[in-house]
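Just so you know, full-length UniProt numbering puts 171 at position 171 of the sequence shown, and the rest follows in order with no gaps.
Please read the structure below before turning to the comments.
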Amino acid sequence: MKDEIAATVFFITRLAKKHGSARRKHLEEFAVQLTSILFERYKNHWYLSDPAKGQAFRCIRMNRYQLKDPLLERACLESSMDYEDLGLPKELTVWVDPYEVCCRYGERNPAFSVAQFEGQGETRELSLCISSAVEKATSDYQSGASSDEESVCSSSSSQEPKSIPTVRNPNSVYQFSDFSAQPVPSWAPYTNRKPYPAESYHQHQPAGGASASSGNKSYRPSAAFSGPRVDRFHWVSKKRS
Numbered sequence: 001m002k003d004e005i006a007a008t009v010f011f012i013t014r015l016a017k018k019h020g021s022a023r024r025k026h027l028e029e030f031a032v033q034l035t036s037i038l039f040e041r042y043k044n045h046w047y048l049s050d051p052a053k054g055q056a057f058r059c060i061r062m063n064r065y066q067l068k069d070p071l072l073e074r075a076c077l078e079s080s081m082d083y084e085d086l087g088l089p090k091e092l093t094v095w096v097d098p099y100e101v102c103c104r105y106g107e108r109n110p111a112f113s114v115a116q117f118e119g120q121g122e123t124r125e126l127s128l129c130i131s132s133a134v135e136k137a138t139s140d141y142q143s144g145a146s147s148d149e150e151s152v153c154s155s156s157s158s159q160e161p162k163s164i165p166t167v168r169n170p171n172s173v174y175q176f177s178d179f180s181a182q183p184v185p186s187w188a189p190y191t192n193r194k195p196y197p198a199e200s201y202h203q204h205q206p207a208g209g210a211s212a213s214s215g216n217k218s219y220r221p222s223a224a225f226s227g228p229r230v231d232r233f234h235w236v237s238k239k240r241s
C-alpha cells in the first residue's frame, strides 16, 4: 500500500506544482499530510486478494457534484494552504487500488494507468510512468474538456515528460528540482476498471464492492500492510509509527 499511496501523492503534487500557485513549503507539507490521511483511510479497506473490492471508497474525485475532494481539502487545511492553490482540474478521478493507481480527467474520458506494481520494476521505469501520466492529465487539462462538453478530449501533449528527481536527503519528504528530459514512455489505457454510472453519482455513498471482471489481470500476493514506513521515494513521514 505504501507504494500506491506514494505514487498517488506524488502524482497529485506534480499536477499542483504544474498548475497551482501554492508555495513550495506548503506543497511539501501537503504531501506529508495527504500521505498520512490516505494511510489512515485505506488501511482497513485494502484487499490484496480482490483489488477491485472497495475501489469506490479508495477514490479521490472532483466533479460538478463534488467540487472539492474531502481528503484533499483536509490535507490543505492541515498544511495551512488554500484548496484553490492546488490548481487541480474541476473534473478529476484517481483510483488507488492494490498494485495499480489510475486516473481519469473529465467524466467522459477513458481512465489511464498512472503506476503499476507487478513484480520488482525499476524505479526509473515507474518514474517515467508517473511522469507520462502527469503529462497526459496536463494535455487533457489544457484542452479544457469536461462533462459539460459534447465531445471527448483526444488531444495529446506536445511537451516531453520529465523524470522524477532523486531525493538526495533521506529526511526530506519531497524535493523540487530541475527535471531532466526523458523519452516518452508508452502507456496503455486502464481497461480493467468497472466504470461509474455517468449520472448516478452520490457524494460519500460507499459502493457495494465492484467485482473484478473476467478480463482482469492476476495479482501477486504480498505481505500484509504493517504500517507506513519510508519508501524508495521518501514520501512517507517518519513521524508516523
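For every residue, glycine included, the Cβ atom is placed at its ideal position computed from N, Cα and C.
Judged by DSSP secondary structure, D3 falls within the alpha helix (DSSP H) whose first and last residues are 2 to 19. For Y42, the enclosing alpha helix (DSSP H) has its first and last residue at 24 to 42. Within the segment 38 to 75, the beta strand (DSSP E) runs of at least 3 residues that lie entirely inside it are, in chain order, 59 to 62.
Within its own chain, the residues whose Cβ lies closer than 6 Å to the Cβ of Y83, once the five positions on either side in sequence are excluded, are K68, E73, C76, listed in chain order. S113: member of the beta strand (DSSP E) spanning 112 to 116, first to last residue. Around the beta carbon of R24, fewer than 16 other beta carbons lie within 10 angstroms, which makes this residue exposed. Taking C-beta atoms as the reference points, I60 and V9 fail to come closer than 7 Å.
Distances from the alpha-carbon of L27 to those of E118, G87, Q116, F117 put G87 closest. Under the three-state reduction of DSSP output, E100 falls in the strand class. From the listed residues S36, A56, A16, the smallest Cα separation to V101 is found for A56.
Sorting S113, A111, M81 by C-alpha distance to the C-alpha of A22 places M81 at the top. Straight-line measurement puts the Cα of P51 at about 11 Å from the Cα of R58. Between P98 and L48, the C-beta spacing is below 7 Å.
Collapsing the DSSP output to three states places L88 in coil.
A distance of 7 Å or more separates the beta carbons of V114 and E4. Here S79 has H26, E29, F30, Q33 as same chain residues with Cβ atoms under 7 Å from its own Cβ, once five neighbours each way along the sequence are excluded.
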